[in-house]
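Enquirer:
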Amino acid sequence: MRQPLRWPWLDFDVDDVAAPAIAVGVDVTETRAEVREHWHRKGQLVFALGGGVTCRVPSGLWMVPPHCGVWVPSRMEHSNIATANARIFFVYIEPGAADLPDRCCTLSISPLLREVIIELSECAPEDARCDFLGGVLLAELPSMPVQQLHLPISTEPRLRRIAEALADDPGDRSTLAEWASRVALSESSLARLVVKETGLSFGRWRQQLHLIVALRELSAGASVQQVSGDLGYESVTAFITMFKKALGKPPAKYLADIAQNGGSVFIA
Numbered sequence: 001m002r003q004p005l006r007w008p009w010l011d012f013d014v015d016d017v018a019a020p021a022i023a024v025g026v027d028v029t030e031t032r033a034e035v036r037e038h039w040h041r042k043g044q045l046v047f048a049l050g051g052g053v054t055c056r057v058p059s060g061l062w063m064v065p066p067h068c069g070v071w072v073p074s075r076m077e078h079s080n081i082a083t084a085n086a087r088i089f090f091v092y093i094e095p096g097a098a099d100l101p102d103r104c105c106t107l108s109i110s111p112l113l114r115e116v117i118i119e120l121s122e123c124a125p126e127d128a129r130c131d132f133l134g135g136v137l138l139a140e141l142p143s144m145p146v147q148q149l150h151l152p153i154s155t156e157p158r159l160r161r162i163a164e165a166l167a168d169d170p171g172d173r174s175t176l177a178e179w180a181s182r183v184a185l186s187e188s189s190l191a192r193l194v195v196k197e198t199g200l201s202f203g204r205w206r207q208q209l210h211l212i213v214a215l216r217e218l219s220a221g222a223s224v225q226q227v228s229g230d231l232g233y234e235s236v237t238a239f240i241t242m243f244k245k246a247l248g249k250p251p252a253k254y255l256a257d258i259a260q261n262g263g264s265v266f267i268a
């Protein structure tokens with residue numbers, strides 16, 4: 001069940017606030033929550049302190065694991081889906097206030113920035129403390145490493161249809177031939193189309209989605225057994241083997257290192 005995120009304000013538009021940087025903390029309730037497609041005049045950093053968040057933009061699906069943030073530039077349409085019991089911070093930044101990318105990307109968040117974001121979310125935009133904390137954030141954020149943790153999604157209608165279906169049901173293990181039949185293409189034509197539009201083979205593309213979903217769900221507290229079953233793997237061992245081959249570490253070790261290293265993650 002999807003429900004809207006519950007904002008801590010009423011009749012408040014972040015784009016009306018003149019402060020160069022403001023932050024808002026949101027605690028998601030017991031059910032998964034969704035903010036449907038929208039955009040802001042300000043750029044937005046989506047940061048998860050607990051649980052998992054997925055951002056969908058026109059060109060891809062971006063995962064926000066704990067202690068990392070996804071940067072969404074000014075005026076880019078996007079939607080956010082959060083796991084149950086996630087703790088999220090939305091940081092809104094005035095266009096041009098910091099030297100940040102003009103594309104969507106995943107940023108590592110250092111322990112210092114993590115504390116700055118939390119503190120910034122607890123003060124009003126007109127407070128002097130907000131100006132100080134915002135200045136620290138704007139000075140530090142551009143130096144955070146850019147990571148690759150996303151699923152490229154083409155605007156090509158048939159691939160978009162497949163991507164949306166797999167995002168809704170990542171455990172669907174249909175073959176390339178079966179997907180080709182559903183979108184009225186030959187198997188070879190679909191294989192070529194996926195490579196052309198995403199730069200990945202169909203199998204690698206679907207594996208990337210599985211990694212994103214796995215990290216989101218594991219970050220939210222799901223067990224390896226539960227995630228492997230939800231993704232349609234025949235055994236836990238098969239899932240762990242895939243995960244380790246892609247990321248270099250088994251799931252528990254990978255997530256522990258994310259927490260210890262302040263959010264440094266990478267999917268090639």
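What the sequence shown shows, in UniProt numbering, is residues 1 to 268, in sequence order.
No residue lacks a Cβ here, since even glycine has one placed at the ideal position from N, Cα and C.
1. I believe residue 85 touches residue 220 by the beta-carbon criterion, under 8 angstroms. Please report the beta-carbon distance rounded to the nearest angstrom.
2. Using the C-alpha atoms, what's the distance from residue 26 back to residue 70?
3. Out of 100, 193, 67, state which residue places its alpha-carbon closest to the alpha-carbon of residue 276.
4. By a C-beta neighbour count over all protein chains shown, 10 Å radius and 16 as the cutoff for buried, is residue 40 buried or exposed?
5. Any heavy atom of the ligand ATP within a distance shorter than 7 angstroms of the CB on residue 48?
6. Measure the beta-carbon distance from residue 276 to residue 90 and round it to whole angstroms, keeping in mind my assumption that it falls under 8 angstroms.
7. Are there three or more Cβ pairs, one per stretch, closer than 8 angstroms when the segment 174-192 is compared with the segment 221-228?
8. With 16 as the cutoff for other CB atoms within 10 Å, does residue 103 come out buried or exposed?
9. Leaving out five residues before and five after residue 113 in sequence, what residues of the same chain have Cβ atoms less than 6 angstroms from its Cβ?
10. Determine contact between the segment 165-185 and the segment 12-20, defined as no fewer than three beta-carbon pairs at a distance below 8 angstroms.
11. Under the DSSP definition of a beta bridge, which residues are partnered with residue 63?
12. From this set, 126, 164, 194, 170, which residue's C-alpha is nearest residue 177's C-alpha?
13. Which of the three DSSP states is assigned to residue 83 in this structure?
14. Quick one: Cα of residue 253 to Cα of residue 241, how far?
15. Taking only the alpha-carbon atoms, compute the straight-line gap between residue 54 and residue 107 and give it to the nearest angstrom.
16. Alpha carbon to alpha carbon, what distance is there between residue 109 and residue 58?
17. Is the distance from the Cβ of residue 198 to the Cβ of residue 154 below 8 angstroms?
18. Could you pull the start and end residues of the beta strand (DSSP E) that residue 152 belongs to?
19. Among the residues of its own chain, which have a CB less than 6 angstroms from the CB of residue 21, if the five just before and after it don't count?
20. Entirely within the segment 92-169 and at least 4 residues each: give me those alpha helix (DSSP H) ranges in chain order.
21. Between the Cα of residue 24 and those of 36, 161, 56, 87, spot the shortest distance and give me the residue it belongs to.
Expert: With the structure as the only source:
1. To locate residue 85, count along the sequence shown from 1; it is residue 85. To locate residue 220, count along the sequence shown from 1; it is residue 220. Going by Cβ atoms, the distance from residue 85 to residue 220 rounds to 7 angstroms, so yes, they are a contact pair.
2. As a working mapping, residue 70 is identified with position 70 in the sequence shown. As a working mapping, residue 26 is identified with position 26 in the sequence shown. Roughly 16 angstroms between the two C-alpha positions.
3. Shown here, the chain extends from 1 to 268; a query on residue 276 therefore has no answer.
4. Here the question's residue 40 lines up with position 40 in the sequence shown. Buried, since its Cβ has 16 or more Cβ neighbours within 10 Å.
5. No copy of the ligand ATP occurs in the structure displayed, which carries no ligand at all.
6. Since the displayed the chain opens at 1 and closes at 268, residue 276 lies outside it and no answer follows.
7. In short, these stretches do not touch, since the Cβ pair count stays below three.
8. Reading the sequence shown from its first residue, position 103 is the one you call residue 103. Per the 10 Å Cβ criterion, exposed.
9. Along the sequence shown, one-based indexing puts residue 113 at 113. Contacts found: 140.
10. These segments do not touch.
11. Position 63 of the sequence shown, counted from the first residue, corresponds to residue 63. Its beta-bridge partners are 54.
12. By 1-based counting over the sequence shown, the position of residue 177 is 177. Comparing alpha-carbon positions, the option among 126, 164, 194, 170 lying closest to residue 177 turns out to be 194.
13. Counting from 1 along the sequence shown, the entry for residue 83 is found at position 83. In this structure, residue 83 counts as coil in the three-state DSSP scheme.
14. Counting from 1 along the sequence shown, the entry for residue 253 is found at position 253. Counting from 1 along the sequence shown, the entry for residue 241 is found at position 241. Approximately 13 angstroms, taken between the alpha carbons.
15. Position 54 of the sequence shown, counting from 1, holds the residue named residue 54. Position 107 of the sequence shown, counting from 1, holds the residue named residue 107. Distance between the alpha carbons of residue 54 and residue 107 is about 14 angstroms.
16. Stepping through the sequence shown from its first residue, residue 58 is reached at position 58. Stepping through the sequence shown from its first residue, residue 109 is reached at position 109. One C-alpha to the other measures close to 24 angstroms.
17. Along the sequence shown, one-based indexing puts residue 198 at 198. Along the sequence shown, one-based indexing puts residue 154 at 154. At the C-beta level, residue 198 and residue 154 come within 8 angstroms of one another.
18. Looking up residue 152 in the sequence shown gives position 152. Going by DSSP, residue 152 is part of the beta strand (DSSP E) stretching over 150-152.
19. For the purposes of this step, residue 21 is taken as the residue at position 21 of the sequence shown. These residues qualify, in order along the chain: 93, 134, 137, 138.
20. Fully enclosed alpha helix (DSSP H) runs of 4 or longer: 111-121, 128-140, 157-168.
21. Reading the sequence shown from its first residue, position 24 is the one you call residue 24. When each option's Cα is compared against that of residue 24, the closest is 87.
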